[in-house]
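Residue numbers (full-length UniProt numbering), protein chains in the order written: chain A, 1 to 425; chain B, 1 to 257. Heads up: the structure comes next, in structure tokens.
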Amino acid sequence: MSAVEKMTPAEARLARVTLPEGFGPQRRAALERLTAMGLPGRRDEYWRWTNPTDFIAPEPVAAAPFVDDEPELFGEIDRLKIVFRDGVFDAEASDDLTMSGVEILRLAEAGDVNWASSLYGTLEANGQKPVVRPFAALNTASATDGVLIRVTGKAEKPVSLIYTHESEASDPILHHLVKLEEGAEITVLENGPAGARFNKLMEVDVAKGARFHHIRVQGRDHELRAVTGIFARVAEESLFKSFTLTSNGVLTRNECVIDIVGDDANAHVAGAALGDGKTGAFHHDDTIFITHDAERCESRQVFKKVLKNGAQGVFQGKILVKPGAQKTDGYQISQSLLLDEDSQFLAKPELEIYADDVQCSHGSTTGAIDETALFYLRSRGVPVEEATALLVLSFVADAIEEIEEERFRDAILTRLEGWLSRHRG
Amino acid sequence: MLEIKNLHVKLEEEDKQILKGVNLTVEAGKVHAIMGPNGSGKSTLSYVLSGRDGYEVTEGEAELDGMDLLEAEPEERAAAGLFLAFQYPVEIPGVGNMTFLRTALNAQRKARGEEEISAGDFLKLVREKAKSLKIDADMLKRPVNVGFSGGEKKRNEILQMALLEPKMCILDETDSGLDVDAMRLVAEGVNALRDEKRSFLVITHYQRLLDHIKPDVVHIMADGRIIETGGPELALEVEKNGYADLLAKHGISEVMA
Ligand SMILES: Nc1ncnc2c1ncn2[C@@H]1O[C@H](COP(=O)(O)OP(=O)(O)OP(=O)(O)O)[C@@H](O)[C@H]1O
Ligand SMILES: [Mg+2]
Numbered sequence: 001m002s003a004v005e006k007m008t009p010a011e012a013r014l015a016r017v018t019l020p021e022g023f024g025p026q027r028r029a030a031l032e033r034l035t036a037m038g039l040p041g042r043r044d045e046y047w048r049w050t051n052p053t054d055f056i057a058p059e060p061v062a063a064a065p066f067v068d069d070e071p072e073l074f075g076e077i078d079r080l081k082i083v084f085r086d087g088v089f090d091a092e093a094s095d096d097l098t099m100s101g102v103e104i105l106r107l108a109e110a111g112d113v114n115w116a117s118s119l120y121g122t123l124e125a126n127g128q129k130p131v132v133r134p135f136a137a138l139n140t141a142s143a144t145d146g147v148l149i150r151v152t153g154k155a156e157k158p159v160s161l162i163y164t165h166e167s168e169a170s171d172p173i174l175h176h177l178v179k180l181e182e183g184a185e186i187t188v189l190e191n192g193p194a195g196a197r198f199n200k201l202m203e204v205d206v207a208k209g210a211r212f213h214h215i216r217v218q219g220r221d222h223e224l225r226a227v228t229g230i231f232a233r234v235a236e237e238s239l240f241k242s243f244t245l246t247s248n249g250v251l252t253r254n255e256c257v258i259d260i261v262g263d264d265a266n267a268h269v270a271g272a273a274l275g276d277g278k279t280g281a282f283h284h285d286d287t288i289f290i291t292h293d294a295e296r297c298e299s300r301q302v303f304k305k306v307l308k309n310g311a312q313g314v315f316q317g318k319i320l321v322k323p324g325a326q327k328t329d330g331y332q333i334s335q336s337l338l339l340d341e342d343s344q345f346l347a348k349p350e351l352e353i354y355a356d357d358v359q360c361s362h363g364s365t366t367g368a369i370d371e372t373a374l375f376y377l378r379s380r381g382v383p384v385e386e387a388t389a390l391l392v393l394s395f396v397a398d399a400i401e402e403i404e405e406e407r408f409r410d411a412i413l414t415r416l417e418g419w420l421s422r423h424r425g
Numbered sequence: 001m002l003e004i005k006n007l008h009v010k011l012e013e014e015d016k017q018i019l020k021g022v023n024l025t026v027e028a029g030k031v032h033a034i035m036g037p038n039g040s041g042k043s044t045l046s047y048v049l050s051g052r053d054g055y056e057v058t059e060g061e062a063e064l065d066g067m068d069l070l071e072a073e074p075e076e077r078a079a080a081g082l083f084l085a086f087q088y089p090v091e092i093p094g095v096g097n098m099t100f101l102r103t104a105l106n107a108q109r110k111a112r113g114e115e116e117i118s119a120g121d122f123l124k125l126v127r128e129k130a131k132s133l134k135i136d137a138d139m140l141k142r143p144v145n146v147g148f149s150g151g152e153k154k155r156n157e158i159l160q161m162a163l164l165e166p167k168m169c170i171l172d173e174t175d176s177g178l179d180v181d182a183m184r185l186v187a188e189g190v191n192a193l194r195d196e197k198r199s200f201l202v203i204t205h206y207q208r209l210l211d212h213i214k215p216d217v218v219h220i221m222a223d224g225r226i227i228e229t230g231g232p233e234l235a236l237e238v239e240k241n242g243y244a245d246l247l248a249k250h251g252i253s254e255v256m257a
């Protein structure tokens, strides 16, 4: 037997890690972190409910690209488009990367830009404590491309990252940086399945008084496997907002690690996930960690999952309030709507509080369609399937309300309605 | 219009008989009122007629203009022209009242093979109907019944009825929780819809509503049956004397009522 054959999948995967050019020291440090922590197994506390095997395997499981005939998402919104096909930047399909108040570079071409060098891998490294996040370290070490966005003013329009999946065995790793300088504001949109297997990271540094909005639509592709991370640092009086709509996808793990480091800041993360086991396995995991390390800050986690035909949902959300983080207002809710008895939702809400003058609440519920509401709608002539779809919309409404701008809420609702109409009965 | 014969209903989950042989015929264009002690089965009758789950019909039948109601889905009954104004209207967070109303109207039109109403026509129609019920724009924008006061919820029921233009309207205690002015508005809303082709079954505890909506026939329900039928004077009698004598006459103890 050769040495390669004796390796475990995790060892084989680690052995294959290559460090692309640029950000050399940061990538080497990430590889060291990764080697020290190792890739996760089912015994790891935060991987008990989500099997990491497919993320670890040296080769991705082949996945057929998803052909959809829906109108383009955010199609009616004026935005700066940046397109990646199977993780490869497509200059032709992308807009010119210039916009007032914003500097946009590509990771693959940036060299060692000063502001990016001090951010690349930094928030990810910070976010490795107290819980390790090996796929994020893997990403920092080996990401082949991504966008580096530095916002100095109010961005003229949203930056829209569009991913497409065309090759059956694509395995892209993208790493984005978003740095908002004092008082800056930007909306970053993301959508599309990016490959057969996708590892994506976004580090977001929100300076004093800045406002960051993130709206992401992932999934689409039934066979997609994705592990993603958002690592954010939120300074005083600033706002961080991130919303994710997930529909379809065999296996998705979305991690979000937010450090609130300045007083009077707000951080809101929300997500709606829709899974129908009939069109392929569906396992969706949101793992959130919000640290309050400043006074009078508010954080909110609002996660909704709609599951049917054996779909599985996981929520692991934590609020950590550090000593001195007085007047913290932390809120967390995770809810699932099970449309049948085969589906499953597992939730682990955690609070850890070391300050005395704080207000934190968390709740988690699992429920079925409200029969009384269903009857009410039907008694008005709405057919049972349409009534069910309306009640699903009702269920996810709180999460969608977390999106500040109506035009984005509307775009998300249209997508949601499209999914519901394709997954009736 | 509505013909109920010997209707027996028990709970699906429990062995509890609730309706014990209801006979009731409502002719086209007529207003019938049902009064009766708490727990006598009035709401159950309205739910069974509109198709709510959880009840089992053990005997009897119910027809709407010759259509077998009991076999049909709730949405089919609605499309056939049956409407129930709920005793406790349901809140649906996250679904705008307008969306709800338009969805319902279009679903019924579709079921009847009619064209969907255009957004513009719909808006005009809703505004007009809402105005006469003093329902403001804000209530139309808000999620269905969420944060509505008791009276607002009831007016919203009547708004739905006015929009959907059903031929058989069942009103389950639409007057409860209404102040004097709202009661008048609701009654006016109902009276505006009265015509020779539309019938009403008005469930109420109080004569007061019947001052505004003059019934043709009044029924008294007790212990899962219609025990007495008469004209408007029957309601006045109940208002004055309560149910005790009537119950005694039919050998029903007050506990069973
Ligand atoms: N789902 C149910 N489960 C248990 N009991 C029920 C159910 N539905 C009805 N009942 C019982 O059936 C009886 C009739 O109830 P119903 O609500 O029809 O009365 P009602 O005449 O409308 O009373 P009210 O005047 O108080 O509104 C009551 O004893 C009630 O408790
Ligand atoms: Mg009742």
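Every residue, glycine too, gets a C-beta built ideally from N, C-alpha and C. Computed from a predicted structure; not experimentally measured.
Query                                                                                                                                                          : Result
Can you say whether Thr204/B is buried or exposed, counting buried as having 16 or more other CB atoms within 10 angstroms of its CB?                          : buried
Can you check whether the C-beta of Gly381/A is within less than 8 Å of a C-beta belonging to chain B?                                                         : yes
Relative to the C-alpha of Leu339/A, which candidate in Val384/A, Phe315/A and Ser364/A has its C-alpha closest?                                               : Val384/A
Helix or strand or just coil, what does DSSP make of Asn114/A?                                                                                                 : helix
Closer than 9 Å between beta carbons: that is the criterion. Which residues of the stretch 193-213 of chain B meet it against chain A?                         : none
Where the beta carbon is closer than 5 Å to any heavy atom of ligand 4, which residues qualify, in chain order?                                                : Although ligand 4 was asked about, the structure shown includes only ligand 1 and ligand 2 as ligands.
Comparing C-alpha positions only, which one of Glu73/B, Gly230/B, Val126/B and Gly94/B sits nearest to His32/B?                                                : Gly230/B
For a minimum of 3 consecutive residues, which ranges assigned as the beta strand (DSSP E) are wholly contained in the stretch 213-287 of chain A?             : 225-234, 239-247, 251-260 and 266-276
Specify the secondary structure class of Ala93/A as computed by DSSP and reduced to three states.                                                              : coil
Taking the alpha carbon of Arg102/B as the point to measure from, which residue in Glu401/A, Ile369/A, Asp410/A and Val382/A has its own alpha carbon closest? : Val382/A
Run through the stretch 181-250 of chain B for me and flag every whole alpha helix (DSSP H) of 4 or more residues, listed as ranges in chain order.            : 207-212, 232-241 and 244-249
For the beta strand (DSSP E) containing Asp172/B, list its first residue and its last residue.                                                                 : Met168 to Asp172
By Cβ distance, which residues of its chain are closer than 6 Å to Ser43/B, with the 5 residues on each side in sequence left out?                             : Gln87 and Asp172
Hey, Lys157/A and Leu73/A: beta-carbon distance below 8 Å or not?                                                                                              : no
Name, please, each residue of chain A whose Cβ falls closer than 9 Å to the Cβ of Pro232/B.                                                                    : Result: empty, since nearest Cβ-Cβ is about 29 Å, beyond 9 Å.
To the nearest angstrom, how far is the alpha carbon of Ile213/B from that of His219/B?                                                                        : 15 Å
Which residues mark the beginning and the end of the alpha helix (DSSP H) in which Tyr46/A is found?                                                           : Run containing Tyr46/A: none; DSSP gives neither H nor E here.
Hey, could you find the ends of the beta strand (DSSP E) Gln87/B is sitting in?                                                                                : Note, Gln87/B: premise wrong, no beta strand (DSSP E); not H, not E.
Under a three-way DSSP split, which group does Phe345/A fall into?                                                                                             : strand
What residues of chain A sit near Ile92/B, judged by a beta carbon separation below 9 Å?                                                                       : Asp370, Ala373, Tyr376, Leu377, Leu390, Leu391 and Ser394
Cα separation between Gly192/A and Ala79/B?                                                                                                                    : 40 Å
Answer with yes or no whether the minimum CB distance from Ala130/B to chain A is below 8 Å.                                                                   : no
Ligand 2 and Gln87/B: does any heavy atom of the ligand fall closer than 7 Å to the residue's C-beta?                                                          : yes
Just reading off the beta strand (DSSP E) that Pro93/B is part of, what are its end residues?                                                                  : Ile92 to Gly96
Where DSSP assigns a beta bridge to Ile18/B, which residues make up the other side?                                                                            : Note: Ile18/B sits in no beta bridge, so no partner.
Short of 8 Å in beta carbon distance, which residues of its chain neighbour Met1/A, apart from the five on each side in sequence? Order them along the chain.  : Any reading at Met1/A needs caution, since the residue's pLDDT is 47, under 50, leaving its predicted position unreliable; the model's value is listed next. There are no such residues.
For the alpha helix (DSSP H) that Lys179/A lies in, which residues bound it at each end?                                                                       : Element bounds for Lys179/A: not the alpha helix (DSSP H) but the beta strand (DSSP E), Ile173 to Leu180.
Under 8 Å, Cβ to Cβ, is there at least one residue of chain B near Asp398/A?                                                                                   : yes
Using a beta-carbon distance cut-off of less than 9 Å, what residues from the stretch 51-83 of chain B approach chain D?                                       : Note that chain D does not occur in the displayed structure, where the protein chains are A and B.
Could you tell me the alpha carbon to alpha carbon distance between Lys129/A and Ser94/A, rounded to whole angstroms?                                          : 37 Å
Would the C-beta of Glu173/B count as close to ligand 2, meaning under 7 Å from any of its heavy atoms?                                                        : yes
Grab me the residues of Arg33/A's own chain with a C-beta within less than 6 Å of its C-beta, minus the 5 sequence neighbours each way, in chain order.        : Ala137
Chain B beta carbons: is any one of them nearer than 8 Å to that of Glu402/A?                                                                                  : no
At the level of alpha carbons, what is the spacing between Leu159/B and Ala235/B?                                                                              : 27 Å
Between Val227/A and chain B, is the shortest Cβ-Cβ distance under 8 Å, so that the two count as touching?                                                     : no
What does DSSP give as the partner residue(s) for Cys360/A in the beta ladder?                                                                                 : Gly330/A
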